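Asks:
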Amino acid sequence: MRTVVLIPARYSSSRYPGKPLVKLLGKPMILWVAELACRAVSKSDVFVATDDDRIADAVTSAGFGVVMTSNTCLTGTDRLAEAAQEIDADIFINVQGDEPLASADDILKIAKYKMQHMNVVVNGFSYVDKNEDPASVNIPKVVTTEDNKLVYMSRAALPAHKDEKCAPKRFKKQVCIYAFTKSELNRFYNFGRKSELEASEDIEILRFLELGSDIHMIETQSGSLAVDTPEDVAKVETAMRDKGYTESWLQ
Numbered sequence: 002m003r004t005v006v007l008i009p010a011r012y013s014s015s016r017y018p019g020k021p022l023v024k025l026l027g028k029p030m031i032l033w034v035a036e037l038a039c040r041a042v043s044k045s046d047v048f049v050a051t052d053d054d055r056i057a058d059a060v061t062s063a064g065f066g067v068v069m070t071s072n073t074c075l076t077g078t079d080r081l082a083e084a085a086q087e088i089d090a091d092i093f094i095n096v097q098g099d100e101p102l103a104s105a106d107d108i109l110k111i112a113k114y115k116m117q118h119m120n121v122v123v124n125g126f127s128y129v130d131k132n133e134d135p136a137s138v139n140i141p142k143v144v145t146t147e148d149n150k151l152v153y154m155s156r157a158a159l160p161a162h163k164d165e166k167c168a169p170k171r172f173k174k175q176v177c178i179y180a181f182t183k184s185e186l187n188r189f190y191n192f193g194r195k196s197e198l199e200a201s202e203d204i205e206i207l208r209f210l211e212l213g214s215d216i217h218m219i220e221t222q223s224g225s226l227a228v229d230t231p232e233d234v235a236k237v238e239t240a241m242r243d244k245g246y247t248e249s250w251l252q
């Protein structure tokens, strides 16, 4: 089976316009993520899905594939669904373009699980770090059954508790590595709108719950940080330096 990595990237982010091209340690963030993906699949199986020529130019100049999509995509997963129509593959791995500290091993782990469970949507999770605030709306919290099937995902600190002695010992958070088939992406796209819960939480995987899809959450390594706002750049660069990243590290 052919597995490809698709990285959705749009320029017009409401919180951080131009985010995919922000420089981290001297290199555009989208290239860090594309090079990271090459540690999991071959370079010919890595594509950036975008509607912006500036992003496309930066990506193609570095030798990566680009699929141009419409500028009306509701979410990154809708953008993937459009891009998937142009690619012949069995498994589509969505790696978010704002997580340069994601792990190639985790991409492979999620891809392998998907190969063994082709009838379920797969997503990553890790545990909220002691330095992170579970109440932060920038961290989607994951509620699962004991065997890690997704029940719900929320920007609120869930699961909640009535009695302090019953408080969760730790919270799970979403890691934005997903695995889909083309038919799953088509069902998502053909829903035609955001579901009510998806729109309220601003968490797109909730649309799959609306569609009745089974979603299995796979534990990944901790330490992944996303660039959501300009204020995140410094802490992500610090984490990259701590891990020994240099501008040519992934090449």
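Sequential numbering from 2 applies to the sequence shown in my numbering. For each residue, glycine too, the CB sits at the ideal point set by N, CA and C. Computed from a predicted structure; not experimentally measured.
By the 10 Å Cβ neighbour count, where 16 or more other Cβ atoms means buried, how is C177 classified, buried or exposed?
Replies: Numbered from 1 along the sequence shown, position 176 holds the residue referred to as residue 177. The residue in question, C177, is buried, as its Cβ has 16 or more Cβ neighbours within 10 Å.
Asks: Below 9 Å between beta carbons: does that hold for V138 and V144?
Replies: Your numbering for residue 138 matches position 137 in the sequence shown. Your numbering for residue 144 matches position 143 in the sequence shown. The answer is no: Cβ separation not under 9 Å.
Asks: When the Cα atoms are used, what is the spatial distance from G213 to A59?
Replies: Within the sequence shown, numbered from 1, the residue matching residue 213 stands at position 212. Within the sequence shown, numbered from 1, the residue matching residue 59 stands at position 58. Cα-Cα distance, rounded: 38 Å.
Asks: Taking K150 as the reference, give the member of M218, I204, A90 with the closest Cα.
Replies: If you number the sequence shown from 1, residue 150 lands on position 149. Per the Cα distances, M218.
Asks: Count the other C-beta atoms from every protein chain shown that fall within 10 angstroms of the C-beta of N120, then say buried if there are 16 or more, exposed otherwise.
Replies: Walking along the sequence shown from the start, residue 120 turns up at place 119. By the neighbour-count rule (16 or more Cβ atoms within 10 Å), N120 is not buried but exposed.
Asks: With DSSP as the reference, label M119 as helix, strand or coil.
Replies: Within the sequence shown, residue 119 is the residue found at index 118, counting from 1. Three-state DSSP puts M119 in coil, outside helix and strand.
Asks: Touch check for the stretch 12 to 24 and the stretch 42 to 59: three-plus C-beta pairs under 8 Å?
Replies: Contact holds: three or more Cβ-Cβ distances are below 8 Å.
Asks: Is V96 closer than 9 Å to V34 when the C-beta atoms are compared?
Replies: For the purposes of this step, residue 34 is identified with residue 33 of the sequence shown, where counting begins at 1. For the purposes of this step, residue 96 is identified with residue 95 of the sequence shown, where counting begins at 1. Yes, these two residues count as a Cβ contact at 9 Å.
Asks: Please return the same chain residues whose Cβ sits closer than 7 Å to the Cβ of I111, not counting the five positions on each side in sequence.
Replies: For the purposes of this step, residue 111 is taken as residue 110 along the sequence shown, with counting starting at 1. Once the five neighbours on either side are set aside, the close Cβ partners of I111 are I94, V123, G125, I178, A180, I219.
Asks: For N124, which beta-bridge partners are listed by DSSP?
Replies: Taking the first residue of the sequence shown as 1, we reach residue 124 at position 123. BP columns for N124 point to Y179, M218.
Asks: Could you give the first and the last residue of the continuous beta strand (DSSP E) run that contains G1?
Replies: The question about residue 1 has no answer here: the residues shown for the chain are numbered 2 through 252.
Asks: Report the partner residues of K195 according to the DSSP bridge assignment.
Replies: For the purposes of this step, residue 195 is taken as residue 194 along the sequence shown, with counting starting at 1. DSSP lists no partner for K195.
Asks: Please name the residue, chosen from V234, A85, K28, that lies closest to V5 on a Cα-to-Cα basis.
Replies: For this step, residue 5 is matched to residue 4 along the sequence shown. The option with the nearest alpha carbon to V5 is A85.
Asks: Note down, one range per segment and in chain order, each alpha helix (DSSP H) of at least 4 residues found wholly within the stretch 11 to 65.
Replies: Complete alpha helix (DSSP H) runs here, min 4: 30 to 38, 54 to 62.
Asks: Figure out for me which residue from S104, D107, M116 has the closest Cα to the Cα of A90.
Replies: Counted from its first residue, the sequence shown places residue 90 at position 89. Measuring from the Cα of A90, the nearest candidate turns out to be M116.
Asks: Buried or exposed: where does C167 fall if 16 or more other Cβ atoms within 10 Å of its Cβ makes it buried?
Replies: By one-based count along the sequence shown, residue 167 stands at place 166. By the neighbour-count rule (16 or more Cβ atoms within 10 Å), C167 is not buried but exposed.
Asks: Compute the Euclidean distance between the alpha carbons of M2 and K195, then round it to the nearest angstrom.
Replies: Here the question's residue 2 lines up with position 1 in the sequence shown. Here the question's residue 195 lines up with position 194 in the sequence shown. In a straight line, the C-alpha of M2 is about 31 Å away from that of K195.
Asks: Use the C-beta contact count for A235: other C-beta atoms within 10 angstroms, 16 or more gives buried, fewer gives exposed.
Replies: Working through the sequence shown from its first residue, we reach residue 235 at position 234. So A235 counts as exposed.
Asks: Note down the Cα distance separating Q252 from I108, rounded to an integer number of angstroms.
Replies: As a first step, residue 252 is located in the sequence shown; it is residue number 251 there, counting from the start. As a first step, residue 108 is located in the sequence shown; it is residue number 107 there, counting from the start. Because the pLDDT of Q252 is 47, which lies under 50, any placement of that residue in the model is unreliable, and the question is left without a value.
Asks: Can you confirm whether Y17, when its beta carbon is compared against all beta carbons of chain C, has any partner nearer than 9 Å?
Replies: Absence of chain C from the displayed structure is noted, only one protein chain being present.
Asks: Under 7 Å Cβ to Cβ from A82, same chain only, skipping five residues before and after it: list those, please.
Replies: In the sequence shown, counting from the first residue as 1, residue 82 sits at position 81. L186, N187, F189, Y190, listed in sequence order.
Asks: So does the stretch 60 to 72 actually touch the stretch 169 to 176, counting three or more Cβ pairs closer than 8 Å?
Replies: As far as the Cβ criterion goes, the stretch 60 to 72 does not touch the stretch 169 to 176, which means the pair count is below three.
Asks: What does DSSP give as the partner residues of S155 in its beta bridges?
Replies: Position 154 of the sequence shown, counted from the first residue, corresponds to residue 155. Its beta-bridge partners are K142.
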